[in-house]
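Enquirer:
In the numbering used here, the protein residues as written are 27 to 281.
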């Protein structure tokens with residue numbers, strides 16, 4: 027094994043990935059599985075999860091779990107199945123999320139509650155269950171998906187911005203408490219990527235052009251361009267990184 031293989035190696039590790047059916051979740055599954063990890067693919071759309079699984083062609087293992095991240099019952103089933111199949115949980119990627127667009131003055135309580143529950147509360151409870159396992163097994167890696175809207179307010183996405191701001195602070199708070207257990211809690215704050223979440227923006231020529239004018243790289247990102255960030259945060263290379271919000275945004279945040 028070379029120095030880099032040892033430093034960034036995750037062969038034989040077990041990862042749970044929420045929202046694994048498409049977009050950034052699918053990209054993270056492909057990255058970790060490609061690097062040798064066993065992956066548990068979690069999502070609400072069984073057909074799309076099957077599509078993700080079909081892309082994982084290496085000899086290490088994977089299986090899908092149809093689940094709603096806001097359901098405690100579903101969450102417990104996923105953790106139980108992961109431990110039963112692999113004996114441990116080394117990595118959790120909290121990727122599942124929703125986005126509801128509406129002017130703040132018209133935003134419904136239903137949309138607000140659903141988005142906060144999915145994009146923030148679920149991140150805490152999945153992290154909590156993962157940490158309870160990792161604490162007993164010597165540590166692990168929790169990777170949350172924040173957003174550029176963890177730092178700014180956005181337009182017509184009030185609940186999403188509130189939730190993602192919360193994810194950034196939650197990441198730091200959990201890192202403060204769990205570093206002593208050798209549990210690294212960090213987050214990736216993606217910029218504008220080619221995913222369902224940015225579909226409405228890309229179809230709005232005026233908004234799309236404005237966003238592209240703020241991105242020094244001059245384009246939306248491909249989800250697979252996050253592979254390096256996922257592997258770094260999932261591996262021993264990031265053992266001294268705690269509570270960091272890593273922006274991967276084509277330069278948007280520094281413009």
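Yeah, the Cβ is synthetic: ideal placement off N, Cα and C, and Gly gets one too.
1. Could you check if residue 273 is buried or exposed, using at least 16 other CB atoms within 10 Å of its CB as the buried criterion?
2. Mind checking which residues open and close the alpha helix (DSSP H) that includes residue 234?
3. Report all residues from its chain with a CB closer than 6 Å to the CB of residue 129; omit the five preceding and five following residues, and keep chain order.
4. Please state whether DSSP places residue 183 in a helix, a strand or coil.
5. Residue 196 and residue 187 - do their beta-carbons sit closer together than 8 Å?
6. Applying the criterion that 16 or more other CB atoms from any shown protein chain within 10 Å of the CB defines a buried residue, is residue 30 buried or exposed?
7. Secondary structure at residue 172, three-state DSSP: helix, strand or coil?
8. Could you give the DSSP three-state label for residue 34: helix, strand or coil?
9. Could you compute how far the alpha carbon of residue 230 sits from the alpha carbon of residue 240?
10. Taking only three categories from DSSP, how would you classify residue 82?
11. Report buried or exposed for residue 192, applying the criterion of at least 16 other Cβ atoms within 10 angstroms of its Cβ.
12. Alpha carbons only, please: which of 253, 267, 263 is nearest the one belonging to residue 51?
13. Please state whether DSSP places residue 246 in a helix, a strand or coil.
14. So, with DSSP's three-state summary, where would you put residue 212?
15. With DSSP collapsed to three states, give me the class of residue 109.
16. The beta strand (DSSP E) that contains residue 92, what's its start and end?
17. Quick test of your reading: residue 166 and residue 209, contact by CB under 8 Å. State the CB separation rounded to the nearest angstrom.
18. Pull up the distance between the alpha-carbon of residue 201 and that of residue 168, whole angstroms please.
19. Under 8 Å, do residue 42 and residue 115 count as touching if we go by C-beta distance?
20. Report the three-state DSSP secondary structure of residue 21 (helix, strand or coil).
21. Between residue 355 and residue 33, what straight-line distance do the alpha-carbon atoms span, to the nearest angstrom?
Expert: This is what the structure gives:
1. buried
2. 231-239
3. 182
4. strand
5. no
6. exposed
7. coil
8. helix
9. 16 Å
10. coil
11. buried
12. 253
13. coil
14. strand
15. helix
16. 88-92
17. 5 Å
18. 9 Å
19. yes
20. This structure leaves residue 21 out entirely; the chain is present only between 27 and 281.
21. Any property of residue 355 remains undetermined from this structure, which presents the chain solely from 27 to 281.
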